[in-house]
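When the sequence shown is numbered by my numbering, its final residue is 373 and no position is left out of the sequence of numbers.
Worksheet: one structure, shown below.
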Amino acid sequence: MHLTRDDYEISIICALPLEAEAVRALFDEVDSSTSNENNEGLTKAPEDTNVYTLGAIGRHRVVLVSMPGMGKISAAATAATLKQSFRKIKLTLLVGICGGVPGEEVQQIRLGDVVIGEQVIHYDFGRQQETGLETKDDRRGSLGGQTPEIRAFVNKLKSGKKSLQEKVFTYLTPILEKSSPVNINLRDNLYLPGYWHIHRDGKGCIGEPCEMNKHICQGARISSCEELKCDRSQIDIDSRRKPKPSIHFGPVASGDKIMRSATVRDEIARKEQVIAFDMEAAGAWDYLPCLLIKGVSDYADSHKNKNWQNYAALTAAVCVKAVLEQWVTTEKRSKEFQIQHNYTNHNCNFYNQGEANNYGTLNLTFSTGGKGP
Numbered sequence: 001m002h003l004t005r006d007d008y009e010i011s012i013i014c015a016l017p018l019e020a021e022a023v024r025a026l027f028d029e030v031d032s033s034t035s036n037e038n039n040e041g042l043t044k045a046p047e048d049t050n051v052y053t054l055g056a057i058g059r060h061r062v063v064l065v066s067m068p069g070m071g072k073i074s075a076a077a078t079a080a081t082l083k084q085s086f087r088k089i090k091l092t093l094l095v096g097i098c099g100g101v102p103g104e105e106v107q108q109i110r111l112g113d114v115v116i117g118e119q120v121i122h123y124d125f126g127r128q129q130e131t132g133l134e135t136k137d138d139r140r141g142s143l144g145g146q147t148p149e150i151r152a153f154v155n156k157l158k159s160g161k162k163s164l165q166e167k168v169f170t171y172l173t174p175i176l177e178k179s180s181p182v183n184i185n186l187r188d189n190l191y192l193p194g195y196w197h198i199h200r201d202g203k204g205c206i207g208e209p210c211e212m213n214k215h216i217c218q219g220a221r222i223s224s225c226e227e228l229k230c231d232r233s234q235i236d237i238d239s240r241r242k243p244k245p246s247i248h249f250g251p252v253a254s255g256d257k258i259m260r261s262a263t264v265r266d267e268i269a270r271k272e273q274v275i276a277f278d279m280e281a282a283g284a285w286d287y288l289p290c291l292l293i294k295g296v297s298d299y300a301d302s303h304k305n306k307n308w309q310n311y312a313a314l315t316a317a318v319c320v321k322a323v324l325e326q327w328v329t330t331e332k333r334s335k336e337f338q339i340q341h342n343y344t345n346h347n348c349n350f351y352n353q354g355e356a357n358n359y360g361t362l363n364l365t366f367s368t369g370g371k372g373p
């Protein structure tokens with residue numbers, strides 16, 4: 001089948017290689033490279049520096065792009081460049097891992113759960129004053145909103161949340177049963193917000209020594225809880241991986257800072273009602289019609305580590321597969337139909353009152369602007 005760039009209306013953007021790898025593993029089909037000059041339909045725009053993997057997930061043709069780095073600037077550049085090559089994109093999925101806000105007992109977010117972002121809050125947007133960062137009151141409105149189609153789609157997903165979770169579990173189970181780096185006994189440890197990840201005895205510190213409520217040294221930041229002998233009595237949640245990941249809908253805070261503070265996390269969450277933190281959504285949101293789907297790999301606190309990243313990336317990727325099953329593609333019309341629709345010649349008979357029984361022909365040619373009915 002001969003494909004052109006206009007055959008792709010879904011794009012997936014990932015910031016980390018492990019995120020892209022998880023999505024790529026779920027492709028049902030991989031198309032030819034965009035750099036294949038012998039296939040005019042799969043080239044890319046001259047100014048496009050992105051690297052793509054093209055293929056299919058289910059019935060959808062999908063563009064997967066890996067960002068050159070993390071953060072808003074990289075995400076914005078990737079999104080803006082993607083638009084140059086793939087002009088028919090109607091849905092862009094921002095897929096990967098994020099830091100979760102634990103929340104209350106009613107809707108408690110756990111490691112491995114999936115967050116679907118209904119809105120993105122640019123939480124580090126403001127002015128740096130002598131007293132600290134003065135955030136702008138309109139940072140919710142500083143980012144473009146989702147299209148009506150995507151908002152309606154999110155509502156559809158929310159109404160079928162239970163069946164969506166079951167579908168994710170159905171796809172996840174056989175993957176976890178195979179020998180895999182994510183098929184290990186992960187432990188979900190949520191420490192109390194006031195309990196910092198520091199050296200308790202002052203030994204092993206690099207640079208300025210650790211001090212509770214004041215400073216965490218560089219050595220502690222790269223050490224595990226086991227190495228620092230973090231007190232397990234300070235754990236709020238202590239359990240192995242849940243058998244089924246849950247799906248949560250809500251606003252997501254996005255910024256260039258890596259959130260590693262439970263105190264700041266909870267303060268922003270209370271103020272903005274966000275359920276997760278990410279670093280890319282604020283960059284891509286204004287350029288493409290976006291929907292964020294990310295797996296929770298940590299609690300955005302000082303005990304943050306990489307143990308859950310592979311599993312969280314996998315649950316997000318599996319959720320993408322389940323979500324796309326409910327997305328309806330645009331009807332593809334033939335080239336002949338488009339030409340006939342865009343430029344229509346109408347021959348209209350008219351009566352010339354100046355001469356009895358003298359009929360003429362008036363030729364009206366007009367363009368409908370290329371839009372469908």
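Here a beta-carbon is modelled for each residue, glycine too, at the ideal position from N, C-alpha and C.
No experiment lies behind these values; they were computed from the predicted model shown.
With H, G and I counted as helix, E and B as strand and the rest as coil, what does DSSP make of residue i?
i      : result
Leu324 : helix
Glu336 : Residue confidence for Glu336 is low, a pLDDT of 43 falling below 50, so the modelled location carries little weight; the figure read from the coordinates is stated next. Residue state, collapsed to three classes: helix.
Tyr8   : coil
Phe277 : strand
Glu267 : helix
Val101 : coil
Asn347 : Below a pLDDT of 50, predicted positions are generally treated as unreliable, and Asn347, at 40, falls in that range; no measurement from the model is reported.
Gln108 : coil
Ala284 : helix
Gly141 : In this prediction, Gly141 scores a pLDDT of 43, lower than 50, which makes its location untrustworthy; no coordinate-derived value is stated.
Leu91  : strand
Leu190 : strand
Cys14  : strand
Ile206 : coil
Ile237 : strand
Glu29  : strand
Glu331 : coil
Met259 : coil
So which of the options has the shortest CA-CA distance to residue i?
i      : options                           : result
Tyr52  : Leu164, Arg59 and Ile10           : Ile10
Asn305 : Tyr191, Ala22 and Ala77           : Tyr191
Phe86  : Tyr287, Leu93, Lys72 and Lys44    : Lys44
Leu292 : Thr170, Ile97 and Thr263          : Ile97
Thr263 : Glu166, Phe125, Pro102 and Met279 : Pro102
Gln273 : Glu104, Ala80, Phe169 and Asp188  : Glu104
Ile206 : Gly219, Arg200, Pro243 and Trp196 : Gly219
Pro289 : Arg61, Gln84, Glu166 and Thr147   : Thr147
Tyr195 : Lys214, Gly71 and Ala15           : Lys214
Phe277 : Arg260, Ser297 and Ala253         : Ala253
Pro193 : Thr330, Lys167, Ala300 and Val168 : Ala300
Asn310 : Glu211, Glu208 and Leu172         : Leu172
Pro174 : Leu324, Thr81, Met259 and Lys244  : Lys244
Pro46  : Arg61, Val62, Ile73 and Lys83     : Lys83
Thr92  : Gly71, Phe125, Val63 and Ser233   : Val63
Ile89  : Cys210, Glu331, Tyr8 and Ala284   : Tyr8
Asp108 : Met259, Ile258, Ser261 and Lys242 : Reading off the sequence shown, one finds Gln at residue 108, where the question assumed Asp. The residue with the shortest Cα to Cα distance from Gln108 is Lys242.
Lys158 : Ile116, Thr330 and Met259         : Ile116
Just to confirm, is the Cβ distance from residue i to residue j under 7 Å?
i      : j      : result
Ile222 : Gly250 : no
Ile176 : Trp308 : Contrary to the premise, residue 176 reads as Leu rather than Ile in this sequence. No. Outside cutoff.
Val30  : Gly55  : yes
Thr4   : Asn50  : no
Val120 : Ala282 : yes
Ile235 : Ser302 : no
Ser19  : Ala313 : Reading the sequence as shown, one finds Glu at residue 19 and not Ser. Yes; because the gap between Cβ atoms is below 7 Å, this pair is in contact.
Ile247 : Leu111 : no
Tyr123 : Gly255 : yes
Ile12  : Val114 : no
Asp298 : Gly99  : yes
Ala76  : Glu280 : no
Ala22  : Lys167 : no
Ala80  : Tyr287 : yes
Ile377 : Asp201 : The chain is shown from 1 up to 373; residue 377 falls before or after that span and cannot be answered.
Within the continuous beta strand (DSSP E) that includes residue i, where are the two ends?
i      : result
Asn297 : One detail in the question is off: residue 297 reads as Ser in this sequence, not Asn. It spans Cys290 to Asp298 - the beta strand (DSSP E) in which Ser297 sits, taken as one unbroken run.
Ala45  : First-last for Ala45: undefined, no H or E at that position.
Thr81  : Unbroken run through Thr81 is the alpha helix (DSSP H), Lys72 to Ser85; no beta strand (DSSP E).
Leu118 : Rather than Leu, the amino acid found at residue 118 in this sequence is Glu. Looking at the DSSP string, the run of the beta strand (DSSP E) that includes Glu118 is Val114 to His122.
Ser66  : His60 to Ser66
Leu54  : Tyr52 to Ile57
Phe249 : Ile247 to Ser254
Is the shortest distance between the beta-carbon of residue i and the beta-carbons of chain D less than 7 Å?
i      : result
Ile198 : Of the chains in the structure shown, none is chain D; there is only one protein chain.
Locate the alpha helix (DSSP H) running through residue i, then write down its first and last residues.
i      : result
Asn155 : Pro148 to Ser159
Ala220 : Gln218 to Arg221
Pro17  : Pro17 to Arg24
Leu228 : Cys225 to Leu228
Cβ contact check for the region 263–277 and the region 216–233: 3 or more pairs under 8 Å | no
Segment contact flag, the region 306–320 with the region 18–26, C-beta cutoff 8 Å, min 3 pairs | yes
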